[in-house]
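Peer 1: The structure follows.
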Amino acid sequence: LQVVIIVGVLFTINVRLTLIALVIAPITVAAALGFRRIARHTTTQARRVLAEVNANVQESITGIAIAKNFRQEQRIYDEFLEVNAQSYRLSLRQGLVFSGIFPVLGTISGLGTALVLYFGGMSVINGVVTAGAWYLFIESINLFTFPLTSIASFWSQFQLGLAASERVFALIDAEPRVIQKENQPVTSIRGKIEFCDVDFSYNEKETVLQDFNLTIQAGETVALVGHTGAGKSSLGKLVARFYEFQGGMLLIDEQDIRTFNLQDYRRCLGIVPQTPFLFTGTVAENIRYGNPNATDEEVELVAHQVGGGDWLQALPQGLDTPISEQGRGISMGQRQLVALARVLLQNPSIVILDEATASIDPLTEAQIQEGLDVVLRDRTAIVIAHRLSTIKAADRIIVLRKGEIIEEGDHDQLMAQAGHYAELYNTYFRHQSADYVAFVTERVPVVA
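First residue of the sequence shown: 3, per the working numbering; consecutive thereafter.
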């Protein structure tokens, strides 16, 4: 509005000088637009490389023990220097771009002022314009160029924010991995799971499942075994709706899983991953993630139900024991016990355990087996495990190879077949001696 008023005033003073002054406006706009493209490209590159620097630092710190063990400190340092040097160059280029726009606009503005001074001075000498009108025109020109310079300054800051926001909006606008056809509310489910001719792949090059069929009855515990890449974890991820299958149907209680309200459905689903993720806080706060509305008494109850509560005595402050980033401060076995208590507090109908008893000592495994006994009771469970004690406790064992079911039955039946499961047993499980298995079994009460 100020610019429009000033232009009107300038026209009343002198039309010819105003037209000369207005020639500068499109040149200024053109310079700002050209700067926009350069600044946006440079800023986007600088932000991308800065993210790589941060990722490099985080990865180096997290894996420092492995780096030291394999004597790779120098290589990690060299990689950091390389990416940091690239970030430095791009940041320097970004600074040059943003610092150059103001001298350019100042030069254009000065050129316009010089033209007005020259032609205005000639007009005064020739008597076309009075000296007072000329002076008034020069002062008005300053009011005209100031908003243009301010817009250019705002534009430069806007480009910085725009480049950063593009990365955020790219995440917001990303297509969801799963697409629900309907949004039917889910209050409760019994837990029957049916894979009907399911096709699934993570990318177009490699097929994980093809025409896959499997039925898991409500309340049944099914153990999935097989070599790496057999498709065990993929089945769990499909049930959890972390990925979309490309063909066939996946039914929960004989209803298409894609018709459920996703938030409601996941309230009925409990997951214990191979490496349980814990948040910064206390043990009690992490258990309460399973049900934010749970009382302190309910949290304490489920904590004691898992493993008989013996593990709490090993914690310095019990349920109030602080946990730092990613669960640091307690052992891996204790993290898994917290994850089990969290699921128990959630009280889901379906439980997915992804190698939940790996990397722990026998005593802790016994506590976890007791916890599993409580968590899996009367619930549908998909167990992806490498521990014989966990697999033998399952109602049914599914043997997978390259996304296909090649054997199924209980442990004794599969061992009698002397097939792929027996091969897996001899390869992975035979080192778990009878004494070891007996020790774990004695700690686990039999559930009728």
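For every residue, glycine included, the Cβ atom is placed at its ideal position computed from N, Cα and C. Small disclaimer: the values here were computed from a predicted structure and weren't measured.
1) Rounded to whole angstroms, what's the CA-CA distance from residue 19 to residue 118? Just pull it up for me.
2) Given residue 98, which residues of its chain have a CB within under 8 Å of its CB, disregarding the five upstream and five downstream residues?
3) Using only alpha-carbon positions, find the residue among 298, 51 and 100 that is nearest to residue 91.
4) By the three-class DSSP mapping on this structure, what secondary structure does residue 76 have?
5) Is the distance from the Cβ of residue 180 to the Cβ of residue 260 below 9 Å?
6) Considering only C-alpha positions, which residue in the set 36, 9, 77 and 32 is nearest to residue 24?
7) Can you list, in chain order, the residues of its chain whose CB lies under 8 Å from that of residue 59, leaving out five sequence neighbours each side?
8) Between the segment 220 to 233 and the segment 384 to 403, are three or more C-beta pairs nearer than 8 Å?
9) Alpha helix (DSSP H) containing residue 342: first to last residue?
10) Can the beta-carbon of residue 343 be found closer than 9 Å to that of residue 292?
11) Does the contact criterion of 3 or more C-beta pairs under 8 Å hold for the segment 294 to 306 versus the segment 345 to 358?
12) Whole angstroms is fine: what's the gap from residue 27's alpha carbon to residue 124's?
13) Within 10 Å of its beta-carbon, does residue 207 have 16 or more other beta-carbons around it, so buried, or fewer, so exposed?
14) Is the beta carbon of residue 366 less than 9 Å from the beta carbon of residue 320?
15) Residue 400 lies in the beta strand (DSSP E); which residues open and close that run?
16) Determine the DSSP secondary structure at residue 219, reduced to helix, strand or coil.
17) Could you spell out the range, first to last residue, of the alpha helix (DSSP H) harbouring residue 414?
18) Grab the span of the alpha helix (DSSP H) containing residue 393 for me, first residue to last.
19) Across which residues does DSSP place residue 355 in a beta bridge pair?
20) Does the beta-carbon of residue 272 have 16 or more other beta-carbons within 10 angstroms, so that it is buried, or is it exposed?
21) Report all residues from its chain with a CB closer than 6 Å to the CB of residue 250; omit the five preceding and five following residues, and keep chain order.
22) Grouping DSSP H, G and I as helix and E and B as strand, with all else coil, what is residue 283?
23) Can you name the residues that DSSP bridges to residue 121?
24) Report the three-state DSSP secondary structure of residue 296 (helix, strand or coil).
25) Could you give the DSSP three-state label for residue 250: helix, strand or coil?
26) Using the three-state DSSP reduction, which class does residue 224 fall into: helix, strand or coil?
27) Based on the DSSP output, what are the partners of residue 29 in its beta bridges?
28) Exposed or buried, what is residue 315 when buried is set at 16 or more other beta-carbons lying within 10 Å of its beta-carbon?
29) If you measure between the beta carbons of residue 234 and residue 407, is that distance less than 9 Å?
30) List the whole-angstrom C-beta distance separating residue 340 from residue 383, where the pair is believed to meet the contact cut-off of C-beta under 8 Å.
31) Closest by CA to residue 209, which one among 190, 232, 219 and 218?
32) Let me check understanding here. Comparing Cα to Cα, which of 89, 65 and 88 lies closest to residue 78?
33) Can you tell which of 245, 89 and 265 has the C-alpha that lies nearest to the C-alpha of residue 45?
34) Thinking C-alpha only, which one of 279, 355, 246 and 372 is nearest residue 313?
35) Use the C-beta contact count for residue 193: other C-beta atoms within 10 angstroms, 16 or more gives buried, fewer gives exposed.
36) Could you give the DSSP three-state label for residue 195: helix, strand or coil?
Peer 2: According to the data block:
1) 6 Å
2) none
3) 51
4) helix
5) yes
6) 9
7) 82
8) yes
9) 334 to 348
10) yes
11) yes
12) 23 Å
13) exposed
14) no
15) 398 to 403
16) coil
17) 413 to 419
18) 390 to 394
19) 274 and 385
20) buried
21) 198, 199, 200 and 201
22) strand
23) Bridge partners of residue 121: none, in fact.
24) coil
25) strand
26) strand
27) In DSSP, residue 29 forms no bridge with anything.
28) exposed
29) no
30) About 19 Å; that fails the 8 Å criterion.
31) 232
32) 65
33) 89
34) 372
35) buried
36) strand
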